[in-house]
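Chains R and V supply the protein sequences, listed in that same order. If you read the first sequence in my numbering, its first letter stands for residue 1, the second for the next number, and so on. If you read the second sequence in my numbering, its first letter stands for residue 1, the second for the next number, and so on. Heads up, the beta-carbon is just placed ideally off N, CA and C, and yes, glycines get one too. Keep in mind it's a predicted model, so treat the numbers as computed, not measured.
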Amino acid sequence: SVTKRAVAEAAQHDKVPRPVGFVPPPPPPCPGKIRHFDI
Amino acid sequence: VPAAPPAPLGCDDPESEAAAEVAVNYINGHSHHGYKFALNRIEDIRVVPQGPNNDIIFLELDLLETRCPVLSPTPLANCTVRSFAEHAVEGDCDVKLQKLDGTLSVLASKCHSHADSNEDVVRVCPDCPLLVSLNNTEVLETVSAALNDYNSKTTGPYLRLLEIGRARIQYYPSHTVAVEFVVGATNCTAEEAKADVGACQLLPEDQSNFGFCTASMVKGPSQSLREDCQLYGHQVPTPPGVTYIHPGQDTS
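So, in structure tokens, the structure goes:
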């Protein structure tokens, strides 16, 4: 799903060395977290 | 320079979760069939200001069915969400709330519930029992046999079937029908019912004894039947002045 890809891309970016003071983008406001499981 | 609009509310913000909690409690409190649902995910939230301290909030919620029937006195926090292997049922709800002077109230709600697909369950658990239709012949036989068996042994009131809540059939390692159903106590004892079951009436709602039964019947050469019924002892009163979701709309 789109959400997972976005997270994966962000994670990969995080592996790239960042300049000092870099602030990762905030998580998307929605949809929210899954509390149990996704069907 | 006009002030920048406030940042949109995130789905996991405390304010969103508070609104979702009010919505889920409303949905469970106004549903009279099936089971209580618990929040699984806040899909979306939109806040439309109406004026000072007055907002309309639109929520899209993903819920999951719990093991507690809606008539159960058990608090939602103590109700276990049905696991994936139990053939989970999901609820999709759109809820409209008003937040007036900090107080949240539900204006309208609309829910659709659907079971996970058989393919999904079988892929993860090939031999797990699967949900079947509530008017499946084997299901009706099992409910009838279980209730008759219970009434033949009970020293309490004669119980009458109110609603079949859930039914699953497993074929391996043995052909097993598992059912869950809601019962109501009548004004007869089991002995009196044997004499004239037609005279047994459900107790008036204000003193009704609702109960919940689980039963399973193993078919085949070594047929066996097991049932367990729990009476609640009180009923969830219908809140005065509350209008329900119009008949015909999916609520369960």
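Item, Value
"Suppose only complete runs of 3+ residues qualify. What are the beta strand (DSSP E) ranges in the segment 29-106 of chain V, listed by chain order?", "35-51, 54-69, 89-100"
"Within 9 Å of any Cβ in chain R, is that where the Cβ of P8/V sits?", "yes"
"With a threshold of 9 Å between beta carbons, is L39/V in contact with chain R?", "yes"
"Give the secondary structure of S133/V by DSSP, where H, G and I count as helix, E and B as strand, and everything else as coil.", "coil"
"Any beta carbon of chain R sitting closer than 9 Å to that of D13/V?", "yes"
"Which term fits Y172/V, buried or exposed, when burial requires 16 or more other beta carbons within 10 angstroms of its beta carbon?", "exposed"
"Return yes when at least one heavy atom of the ligand ZN lies under 8 Å from the C-beta of E65/V, else no.", "Looking for the ligand ZN in the displayed structure turns up nothing, as the structure carries no ligands at all."
"Pull up the CB-CB distance for L9/V and F37/V, whole angstroms please, since I reckon it's below 8 Å.", "At roughly 22 Å, the Cβ-Cβ gap does not stay under 8 Å, so L9/V and F37/V are not in contact."
"With distance defined between alpha-carbon atoms, name the residue in F212/V, A19/V, T186/V, A85/V nearest to C200/V.", "T186/V"
"Just tell me which of Y26/V, V177/V, L97/V, A167/V has its CA closest to the CA of P49/V.", "L97/V"
"With DSSP collapsed to three states, give me the class of A145/V.", "helix"
"With respect to the alpha helix (DSSP H) encompassing V182/V, which residues constitute its N-terminal and C-terminal limits?", "Counting along the chain, V182/V falls outside any alpha helix (DSSP H), though it belongs to the beta strand (DSSP E) covering 176-189."
"Does the distance from the C-beta atom of R166/V to that of V177/V stay below 9 Å?", "no"
"Using a beta-carbon distance cut-off of less than 8 Å, what residues from the segment 93-124 of chain V approach chain R?", "D116, D120"
"Could you pull out every unbroken beta strand (DSSP E) segment of at least 3 residues lying fully inside the segment 200-229 of chain V, listed in chain order?", "210-218"
"State yes or no: is the C-beta of H114/V within less than 9 Å of the C-beta of C93/V?", "no"
"Is E65/V buried or exposed, if buried means 16 or more other CB atoms sit within 10 Å of its CB?", "buried"
"From the DSSP output, which residues share a beta bridge with A108/V?", "K96/V"
"Which residues in chain V have a C-beta closer than 7 Å to the C-beta of F22/R? List them in chain order.", "Correct list: empty, because the minimum Cβ distance to chain V is about 21 Å."
"When DSSP labels each residue in this structure, what does Y171/V get in the three-state scheme?", "coil"
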